[in-house]
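Take 44 as the starting number for the sequence shown in our numbering and just add one per residue.
Heads up, the beta-carbon is just placed ideally off N, CA and C, and yes, glycines get one too.
These notes concern the structure reproduced below.
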Amino acid sequence: KADKEIEDLKIKVVDLRGVKKPALKKVRMSADSMLQALLGSKHKVTMDLRANLKQVKKEVKEEPTEAVGDWRKNIEDKADRKKMFETS
């Protein structure tokens with residue numbers, strides 16, 4: 044009689060705990076294969092997302108390159124600006 048009660052209590056404990064779910068693995072799947080898995084093989088749906096995009100022409104802007112001059116002149120010009128801020 045005691046063994047039967049112990050077995051019943053063990054079964055109740057297992058039922059209360061529930062079944063432990065295994066950790067799911069991440070699977071890489073394309074959109075087409077995902078739709079095929081969801082809808083089944085009867086439906087032929089292709090998801091070509093790139094086909095719906097419009098073509099854009101990329102314009103190359105040419106910036107006028109400044110003539111490489113004497114770098115000392117640029118430093119002297121900037122020194123004048125520095126003096127302007129120091130005096131005020």
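Separation of residue j from residue i, as counted between CA atoms
i, j, result
"LEU82", "ASP75", "10 Å"
"LYS63", "SER84", "32 Å"
"VAL70", "ALA45", "49 Å"
"LEU96", "GLU102", "18 Å"
"LEU59", "LEU78", "37 Å"
"GLU48", "LYS55", "11 Å"
"VAL57", "ARG93", "52 Å"
"LEU67", "LEU52", "31 Å"
"VAL99", "GLY61", "56 Å"
Selection from the options that minimises the alpha carbon distance to residue i
i, options, result
"MET72", "GLU48, ALA80, ALA66", "ALA80"
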